[in-house]
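J.:
Numbering (our numbering), first residue to last: 1148 to 1246.
1. Output needed for residue 1154: all residues of its chain with C-beta closer than 8 Å, excluding positions within five of it in sequence on either side, in chain order.
2. So, is residue 1195 buried or exposed, given that buried needs 16 or more other C-beta atoms within 10 angstroms?
3. Considering only C-alpha positions, which residue in the set 1148, 1202, 1176 and 1151 is nearest to residue 1227?
4. Run through DSSP, which three-state label would residue 1232 get?
5. Looking only at its chain, what residues have a beta carbon closer than 6 Å to the beta carbon of residue 1241, apart from the 5 residues adjacent to it on each side?
6. Suppose the cutoff is 6 Å on Cβ atoms and the five residues either side in sequence are ignored; what does the same chain contact list for residue 1224 look like?
7. Sorted by chain position, which residues of the same chain lie with C-beta nearer than 8 Å to residue 1203's C-beta, five sequence neighbours on each side aside?
8. Output the distance between the C-alpha atoms of residue 1232 and residue 1182, rounded to the nearest integer angstrom.
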């Protein structure tokens, strides 16, 4: 049950990131996106992958949820790339400023 709930959380979060990426690709604007915030979310997904890898080293069984963490990291990383790219395109390069 714990894995099902964790998978549900990861799927719900990924849907939010898909909508964000689609909106930025459609509009070409990263308004209201904080590079620091998105970076912290990327870090969180990396920590999730690391936790599943650590669990694998201890138990010898790779938890399939690692793939959801890795996928969410990839989508969020692409979102972060768009925030940097679109922010630079708009002339805003400050890391901590909302763009």
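Glycine is no exception: its CB is placed at the ideal position from the N, C-alpha and C atoms.
T.: In short:
1. Answer for residue 1154: 1212 and 1215, listed in chain order.
2. In this structure residue 1195 is buried. Its beta-carbon is surrounded by 16 or more other beta-carbon atoms within 10 angstroms.
3. With respect to the C-alpha of residue 1227, the residue from 1148, 1202, 1176 and 1151 having the closest C-alpha is 1176.
4. Reduced to three states, the DSSP call for residue 1232 is helix.
5. Interpretation of residue 1241 is limited by its pLDDT of 47, a score under 50 that renders its predicted location unreliable; the figure taken from the coordinates is listed afterwards. In the same chain as residue 1241, and ignoring 5 residues on each side of it, no C-beta atom comes closer than 6 Å to its own.
6. Short of 6 Å from the beta carbon of residue 1224, and not among the five residues preceding or following it, lie these beta carbons of its own chain, in chain order: 1189.
7. Listed in chain order, the non-local C-beta contacts of residue 1203 below 8 Å within the same chain comprise 1209, 1210 and 1213, local neighbours out to five positions each way being set aside.
8. Distance between the alpha carbons of residue 1232 and residue 1182: 11 Å.
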